[in-house]
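Asks: Residue numbers (the working numbering): 127 to 201. Virtual Cβ for every residue (Gly too), placed ideally from N, Cα, C.
#1: Secondary structure at residue 137, three-state DSSP: helix, strand or coil?
#2: Could you tell me whether the Cβ atoms of residue 134 and residue 150 are closer together than 8 Å?
#3: Taking the C-alpha atoms as reference points, what is the distance between residue 166 and residue 201?
#4: Which of helix, strand or coil does DSSP assign to residue 168?
#5: Taking residue 147 as the reference, give the member of 153, 132, 199, 189 with the closest Cα.
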């Protein structure tokens, strides 16, 4: 893991298209601004994990329905 120090108003670049800027620092919190192309998803980690969990659950349910469909359509 790369660890960088930044002050309010300073940024880091990720590749050519993503800029992360420290916009505010308060006690034990840091507020970040993220500029990225619309094609790049940007989420807090807990939101990302919830999305991944839902995708996995949907994928499992879809696989179950596909198995049922195959059983029904067997000659």
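Replies: Result, derived from the coordinates:
#1: Residue numbering aside, residue 137 sits at position 11 when the chain shown is read from its first letter. Note: residue 137 maps to strand in three-state DSSP.
#2: Taking the first residue of the chain shown as 1, we reach residue 134 at position 8. Taking the first residue of the chain shown as 1, we reach residue 150 at position 24. Yes, the Cβ-Cβ distance between residue 134 and residue 150 is below 8 Å.
#3: Indexing the chain shown from 1 puts residue 166 at position 40. Indexing the chain shown from 1 puts residue 201 at position 75. Rounded to the nearest angstrom, the two C-alpha atoms are 45 Å apart.
#4: As a position in the chain shown, residue 168 is number 42, starting the count at 1. Coil.
#5: Mapped onto the chain shown, residue 147 falls at position 21. Measuring from the Cα of residue 147, the nearest candidate turns out to be 132.
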